[in-house]
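Enquirer: Pasting a structure below so you can have a look.
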Amino acid sequence: MRLALLLHAAAATYREDLCERDTKLKTDATSKKVALVLRGEAFRGLSYGISPSVGRFRRGKTAFSCTAVSHRIQRALSASHVAHLVAPLEAAGLEVDVYLATYGCGGVTSDKEAAIALRHLSKWYERNSTRTRVKRAEALDRAGATQSTPVNVAMGWLRDGWPAGGYRSVLIWRFDMPALAPMGRRQADPGGEAAECRPSVGRACPSVGLPPKAPRAECDPALDTNSSAKRRPMNCWCHPYDACHSKGGYDEYASRLDEAYYKYEDDWAFSFPGRLARCAVPVFETDCLNMKRPIMSHECNFRLARTGPVLSTDPKRWTVYRSDYNSPGGDTCRLLRDRFDGPPCPADERAGRSVACLQYAHVLRVKTADEVKVKELGKRPVWNQFKCDDFAAEVSEAASWWRGHSTQQVRGYDLGEFQRRRG
4 MRLALLLHAA
14 AATYREDLCE
24 RDTKLKTDAT
34 SKKVALVLRG
44 EAFRGLSYGI
54 SPSVGRFRRG
64 KTAFSCTAVS
74 HRIQRALSAS
84 HVAHLVAPLE
94 AAGLEVDVYL
104 ATYGCGGVTS
114 DKEAAIALRH
124 LSKWYERNST
134 RTRVKRAEAL
144 DRAGATQSTP
154 VNVAMGWLRD
164 GWPAGGYRSV
174 LIWRFDMPAL
184 APMGRRQADP
194 GGEAAECRPS
204 VGRACPSVGL
214 PPKAPRAECD
224 PALDTNSSAK
234 RRPMNCWCHP
244 YDACHSKGGY
254 DEYASRLDEA
264 YYKYEDDWAF
274 SFPGRLARCA
284 VPVFETDCLN
294 MKRPIMSHEC
304 NFRLARTGPV
314 LSTDPKRWTV
324 YRSDYNSPGG
334 DTCRLLRDRF
344 DGPPCPADER
354 AGRSVACLQY
364 AHVLRVKTAD
374 EVKVKELGKR
384 PVWNQFKCDD
394 FAAEVSEAAS
404 WWRGHSTQQV
414 RGYDLGEFQR
424 RRG
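In terms of my numbering, the sequence shown has 102 at position 99, counting the first letter as 1, and numbering is strictly consecutive.
Okay, here's the thing in structure tokens:
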């Protein structure tokens with residue numbers, strides 16, 4: 004769901020004491036340190052929306068994790084994080100500490116290759132660094148893990164290693180979420196309006212395309228309780244502010260680090276700037292990303308809203324990368340290919356659908372067109388989404404096709420010690 008930047012015109016009321024009253028996580032106003040937490044599945048590759056439980060032995064997403072192709076994809080994604088997240092912050096005079104909490108390749112490939120993959124991942128986040136950025140990197144056990152597990156673990160690392168002067172900001176980001184442009188660089192604004200629509204001058208930007216504001220009764224924070232199945236409508240995160248869109252986007256965060264919490268579409272990423280930075284630890288230690296509600300981040304939102312404003316950012320300079328041909332996957336693939344040495348991209352929409360469908364058939368171990376009918380793939384949403392009946396006659400070649408496709412995707416790419424696992 005795409006949300007607008009929720010920008011408030013009035014001074015915020017901060018209650019960071021509600022995060023943790025007797026805290027040891029202090030933050031000095033002059034701190035120059037930022038914590039960047041990468042969490043979740045590294046080396047995931049492209050899943051095209053395939054469910055984790057598709058096929059036997061829960062082969063869905065992991066069938067194409069930790070392959071030679073996903074290795075190249077992850078290197079490009081990580082390069083985008085360094086170039087578009089880390090570099091702008093360092094250019095502003097801040098020190099960025101990186102924490103990598105991932106399932107990695109454990110249980111997907113051999114222990115040796117899993118260890119190599121983690122070493123490569125850590126190395127990629129040290130690119131162009133004059134100091135050691137990566138403070139901790141671990142591959143977590145998938146058994147019994149939830150959506151919350153990696154970030155919960157990382158919050159324990161922050162609690163144990165919180166610097167004396169604290170962090171000026173804590174950013175929580177996903178491994179499969181590329182930064183599409185330098186975060187903090189203001190986009191062109193011909194009207195000059197963005198320069199004036201900023202909290203520092205007490206003026207909000209005009210609302211653009213926002214759904215009608217929800218009634219006050221529906222936005223009552225009292226509706227947000229752990230035991231209640233109810234939740235406030237998403238446009239309540241604008242309430243009680245009158246304007247909910249700004250051309251400033253991420254620049255509001257970059258220029259006003261002490262203004263509010265910032266979030267990036269559902270559970271994708273969060274920023275905890277200024278005096279609220281220390282709230283990241285106790286809030287995420289509550290398991291608030293454990294998918295207990297229809298919108299995964301909602302529990303995190305209402306916990307944060309008790310201590311300061313929760314704002315969403317727009318325009319978008321990020322996406323979750325799951326497909327390499329349709330919107331926005333095609334543009335993302337070309338960016339990763341051209342800017343960060345990512346794999347080749349499909350020549351056109353039909354070629355992209357063919358890749359997705361043959362990959363899906365390979366995951367399901369469907370070997371003939373007759374099996375397509377017997378297993379009733381036509382009733383599966385993914386099969387219909389990509390119009391895979393167009394390629395049913397080709398599924399008998401899915402296994403050999405995948406080997407050839409993998410070779411083509413990494414031709415000329417240096418995998419180092421990482422082996423060419425083919426899926």
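Virtual Cβ for every residue (Gly too), placed ideally from N, Cα, C.
Roughly how many angstroms separate the alpha carbons of R139 and V111, rounded to a whole number?
Expert: Residue mapping note: residue 139 aligns to position 136 of the sequence shown, counting from 1. Residue mapping note: residue 111 aligns to position 108 of the sequence shown, counting from 1. About 22 Å.
Enquirer: Can you say whether V99 is buried or exposed, counting buried as having 16 or more other CB atoms within 10 angstroms of its CB?
Expert: In the sequence shown, residue 99 corresponds to position 96, counting from 1. By the neighbour-count rule (16 or more Cβ atoms within 10 Å), V99 is buried.
Enquirer: Could you check whether R325 and D179 sit closer than 9 Å to each other, using their CB atoms as the reference points?
Expert: Residue numbering aside, residue 179 sits at position 176 when the sequence shown is read from its first letter. Residue numbering aside, residue 325 sits at position 322 when the sequence shown is read from its first letter. Yes, the pair counts as a contact, with Cβ atoms nearer than the cut-off.
Enquirer: Going by C-alpha to C-alpha distance, which of R78, T105 and G159 sits closest to A146?
Expert: For the purposes of this step, residue 146 is taken as residue 143 along the sequence shown, with counting starting at 1. Per the Cα distances, T105.
Enquirer: State the Cα-Cα distance for the pair A38 and T149, rounded to the nearest angstrom.
Expert: The count along the sequence shown starts at 1 and reaches residue 38 at position 35. The count along the sequence shown starts at 1 and reaches residue 149 at position 146. About 23 Å.
Enquirer: Alpha carbon to alpha carbon, how far is A45 from Q77?
Expert: Walking along the sequence shown from the start, residue 45 turns up at place 42. Walking along the sequence shown from the start, residue 77 turns up at place 74. Their backbone Cα atoms lie some 7 Å apart in a straight line.
Enquirer: Could you say if the region 328-336 and the region 347-358 meet the contact criterion of at least three C-beta pairs nearer than 8 Å?
Expert: The answer is yes - the region 347-358 touches the region 328-336, with three or more Cβ pairs under 8 Å.
Enquirer: What is the DSSP secondary structure of A350, reduced to helix, strand or coil?
Expert: Here residue 350 refers to the residue found at position 347 when the sequence shown is read from its first residue. Coil, per DSSP.
Enquirer: Checking 9 Å against the spacing of the C-beta atoms, do R281 and G169 come in under that value?
Expert: On the sequence shown, position 278 is the one that residue 281 refers to. On the sequence shown, position 166 is the one that residue 169 refers to. Yes. Within cutoff.
Enquirer: Can we say the region 406-421 touches the region 65-81, given the rule of at least three CB pairs closer than 8 Å?
Expert: With the cut-off at 8 Å, the region 406-421 and the region 65-81 touch.
Enquirer: Where in the region 71-136 do unbroken runs of the beta strand (DSSP E), each at least 3 residues long, occur, reported from the N-terminal end onward?
Expert: The region 71-136 contains these whole beta strand (DSSP E) runs: 98-105.
Enquirer: DSSP has G43 in a bridge; who is on the other side?
Expert: In the sequence shown, counting from the first residue as 1, residue 43 sits at position 40. T105, per the DSSP bridge assignment.
Enquirer: Check the C-beta distance from V40 over to V154 and give it rounded, since I have them as a contact under 8 Å.
Expert: Residue 40 sits at position 37 when you count from the first residue of the sequence shown. Residue 154 sits at position 151 when you count from the first residue of the sequence shown. Indeed, because the Cβ distance is near 7 Å, the residues count as touching under 8 Å.
Enquirer: According to DSSP, is W165 part of a helix, a strand, or is it coil?
Expert: For the purposes of this step, residue 165 is identified with residue 162 of the sequence shown, where counting begins at 1. Reduced to three states, the DSSP call for W165 is coil.
Enquirer: Less than 8 Å between the CB atoms is what I'm expecting for L28 and V398, so what's the real figure, rounded?
Expert: Stepping through the sequence shown from its first residue, residue 28 is reached at position 25. Stepping through the sequence shown from its first residue, residue 398 is reached at position 395. About 54 Å separates the two Cβ atoms, so there is no contact after all.
Enquirer: Start and end of the alpha helix (DSSP H) containing V385?
Expert: In the sequence shown, counting from the first residue as 1, residue 385 sits at position 382. Where V385 is concerned, the enclosing alpha helix (DSSP H) stretches over P384 to Q388.
Enquirer: On a Cα-Cα basis, can you pick out the residue from A86, E129, Q412 and A90 that is closest to L103?
Expert: Here residue 103 refers to the residue found at position 100 of the sequence shown. Cα-wise, what sits closest to L103 is E129.
Enquirer: Kindly indicate which three-state DSSP category L28 falls into: helix, strand or coil?
Expert: Here residue 28 refers to the residue found at position 25 of the sequence shown. Here L28 sits in coil by DSSP.
Enquirer: What first and last residue would you give for the beta strand (DSSP E) that runs through W176?
Expert: Residue numbering aside, residue 176 sits at position 173 when the sequence shown is read from its first letter. Unbroken beta strand (DSSP E) run through W176: S172 to R177.
Enquirer: DSSP on V37, reduced to helix/strand/coil?
Expert: Walking along the sequence shown from the start, residue 37 turns up at place 34. Three-state result, V37: strand.
Enquirer: Between L307 and M186, how many whole angstroms is the CB-CB distance? I'm expecting something under 8 Å.
Expert: As a working mapping, residue 307 is identified with position 304 in the sequence shown. As a working mapping, residue 186 is identified with position 183 in the sequence shown. The Cβ separation is near 20 Å, so there is no contact.
Enquirer: Any idea if Q411 is buried or exposed, counting beta-carbon neighbours within 10 angstroms, 16 or more meaning buried?
Expert: Sequence index remark: in the sequence shown, residue 411 carries index 408 (1-based). That one is exposed.
Enquirer: Helix, strand or coil: how does DSSP classify S274 here?
Expert: Residue 274 sits at position 271 when you count from the first residue of the sequence shown. Residue state, collapsed to three classes: strand.
Enquirer: Buried or exposed, going by whether 16 or more other CB atoms sit within 10 Å of the CB of R171?
Expert: As a first step, residue 171 is located in the sequence shown; it is residue number 168 there, counting from the start. Its Cβ being crowded by 16 or more others within 10 Å, R171 is buried.
Enquirer: Going by DSSP in three states, E288 sits in which element: helix, strand or coil?
Expert: Residue numbering aside, residue 288 sits at position 285 when the sequence shown is read from its first letter. The answer is coil: DSSP assigns E288 none of H, G, I, E or B.
Enquirer: Return the Cβ separation of L183 and T371 in integer angstroms, given the expectation that the two are a contact with Cβ distance under 8 Å.
Expert: Within the sequence shown, the letter at position 180 stands for residue 183. Within the sequence shown, the letter at position 368 stands for residue 371. That belief does not hold up - the Cβ atoms of L183 and T371 are roughly 41 Å apart, past 8 Å.
Enquirer: Straight-line CA distance for L92 to Q362?
Expert: Within the sequence shown, numbered from 1, the residue matching residue 92 stands at position 89. Within the sequence shown, numbered from 1, the residue matching residue 362 stands at position 359. One C-alpha to the other measures close to 39 Å.
Enquirer: Identify which residue in F394, V85, F67 and L380 has its Cα closest to the Cα of A354.
Expert: Position 351 of the sequence shown, counted from the first residue, corresponds to residue 354. If we check each option's Cα against that of A354, F394 comes out closest.
Enquirer: Can you grab the Cα-Cα spacing for the pair L80 / T30, in whole Å?
Expert: By one-based count along the sequence shown, residue 80 stands at place 77. By one-based count along the sequence shown, residue 30 stands at place 27. Using only the alpha carbons, I get a separation of about 30 Å.
Enquirer: Could you spell out the range, first to last residue, of the alpha helix (DSSP H) harbouring C336?
Expert: Here residue 336 refers to the residue found at position 333 of the sequence shown. Looking at the DSSP string, the run of the alpha helix (DSSP H) that includes C336 is G332 to F343.
Enquirer: Buried or exposed: N304, going by 16 or more other Cβ atoms within 10 Å of its Cβ?
Expert: For the purposes of this step, residue 304 is identified with residue 301 of the sequence shown, where counting begins at 1. Counting Cβ neighbours within 10 Å, N304 comes out buried, since at least 16 surround it.
Enquirer: Identify the residues that DSSP records as bridge partners of E302: which are they?
Expert: Here the question's residue 302 lines up with position 299 in the sequence shown. Its beta-bridge partners do not exist; DSSP assigns none.
Enquirer: Report yes if the CB atom of Y51 is closer than 9 Å to the CB atom of V369, and no otherwise.
Expert: As a working note, residue 51 is residue 48 in the sequence shown. As a working note, residue 369 is residue 366 in the sequence shown. The answer is no: Cβ separation not under 9 Å.
Enquirer: What is the DSSP secondary structure of E397, counted as helix, strand or coil?
Expert: Translated into the one-based positions of the sequence shown, residue 397 becomes position 394. If DSSP states are grouped into helix, strand and coil, E397 belongs with the helices.
Enquirer: Taking just the CA atoms, how far does L367 sit from A396?
Expert: What you label residue 396 is simply residue 393 of the sequence shown in a count that begins at 1. What you label residue 367 is simply residue 364 of the sequence shown in a count that begins at 1. Going by the C-alpha atoms only, they are around 15 Å apart.
Enquirer: Can you grab the Cα-Cα spacing for the pair T135 / W127, in whole Å?
Expert: Position 132 of the sequence shown, counting from 1, holds the residue named residue 135. Position 124 of the sequence shown, counting from 1, holds the residue named residue 127. Their Cα atoms are separated by approximately 12 Å.
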